[in-house]
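S.K.: Counting in our numbering, the sequence shown runs from 54 upward without gaps.
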Amino acid sequence: MRALPPTTVARLPGYLRSLGGLASEGVTTTSSDQLAELVGASPAQLRKDLSYLGAGGRRGVGYEVDHLRKQIAGALGMAEERQLVIVGIGNLGHALATYSGFADRGFVLVGLFDTHADLVGTRVGGHVVQHVDELERVIDETEASVAIVATPGSAAQATTDRLVAAGITGILNFAPRTVRVPDGVDVREVDLGSELQILGFHARQRAARPVAAPVAAPAAEPEPVAAD
């Protein structure tokens, strides 16, 4: 497999999600046109992305859905289990902790952490919330490599620093603040507020567009009057 450009990597989960939908409907093969339409990409872009995986469709047949799913899943590292911890079990962290899709994507949730006395010791999604003081010990014992940060913005950077120092190499940050990480650590920022603001911008743009006036139908020509 060739090295994947970051833009291709960003599109692979969408391809995988659409292929999963096709598989659930009993579809066994798909064309580049069909799959591209499902994910909102051009067929040429999709074929180029899949070529990095060595995935080529058969002429007249297309792509085998199950085989392509396995190829993309392998490229995304889903064939290997990765241990995951979540820091911050407020409303958002609670919802993430009960998410049922981690296992399907190759992640094993091994720890939940918070500082609030009313949360520590409670059970969420089958896991007991531990005090954040236990963070480094659990990461060391479970060999966790991925973390979700769902803390308030004021605690995001300090939490990230602790996670990195403990050996975490991948962070999904839901806190409303951008965090800094050293080279060798990947961070993905998920800012729900910004995404909603972008949706609001597009909604405003649509509302501001002038409504085109309906085109009047051409007037009917008068019928000729017969001469006497």
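Quick reminder that beta carbons are idealized off the backbone N, C-alpha and C, glycines included.
Across which residues does DSSP place Gln-136 in a beta bridge pair?
M.R.: Bridge partners of Gln-136: Val-161.
S.K.: State the DSSP-derived secondary structure class of His-255, mapped to helix, strand or coil.
M.R.: In the three-state scheme derived from DSSP, where H, G and I count as helix and E and B as strand, His-255 is classed as helix.
S.K.: How would you write the range of the beta strand (DSSP E) that Leu-57 sits in, first residue to last?
M.R.: That residue, Leu-57, is in no beta strand (DSSP E); it is neither H nor E in DSSP.
S.K.: Taking buried to mean at least 16 other C-beta atoms within 10 Å of its own C-beta, is Arg-241 buried or exposed?
M.R.: Classification for Arg-241: exposed.
S.K.: So which of Asp-244, Val-202, Thr-151, Arg-64 has the shortest CA-CA distance to Ile-125?
M.R.: Arg-64
S.K.: Taking the Cβ atom as the reference point for each residue, do Val-140 and Ala-200 lie within a distance shorter than 8 Å?
M.R.: yes
S.K.: For Arg-262, which three-state DSSP category applies?
M.R.: coil
S.K.: Given a cut-off of 8 Å, decide if Leu-99 and Ser-85 are closer than it, judged by their beta-carbon atoms.
M.R.: yes
S.K.: Between Ala-150, Pro-59, Asp-193, which has its C-alpha nearest Val-217's C-alpha?
M.R.: Asp-193
S.K.: Nearest to Pro-58 by CA position, among Gly-179, Leu-103, Ala-209, Leu-137, is which residue?
M.R.: Leu-103
S.K.: The alpha helix (DSSP H) spanning Asp-214 covers which residue range?
M.R.: 206 to 219
S.K.: What separation, rounded to the nearest whole angstrom, lies between the Cα atoms of Ala-150 and His-120?
M.R.: Going by the C-alpha atoms only, they are around 31 Å apart.
S.K.: Please state the DSSP three-state secondary structure of Leu-145.
M.R.: helix
S.K.: Quick check: what's the CA-CA separation for Ala-208 versus Gly-174?
M.R.: 21 Å
S.K.: Quick one: measure Cβ to Cβ for Glu-117 and Thr-81, integer angstroms, because I've assumed they're closer than 8 Å.
M.R.: 7 Å
S.K.: May I have the straight-line CA-CA distance separating Leu-172 from Ile-142, to the nearest angstrom?
M.R.: 7 Å
S.K.: State the Cα-Cα distance for the pair Gln-87 and Ile-221, rounded to the nearest angstrom.
M.R.: 39 Å
S.K.: Within the segment 73 to 117, note down every full alpha helix (DSSP H) run reaching 4 residues or more, in order along the chain.
M.R.: 85 to 92, 96 to 104
S.K.: Any idea what DSSP makes of Asp-281, helix, strand or coil?
M.R.: Per-residue confidence for Asp-281 stands at a pLDDT of 46, beneath the threshold of 50, marking its modelled position as unreliable; no derived number is given.
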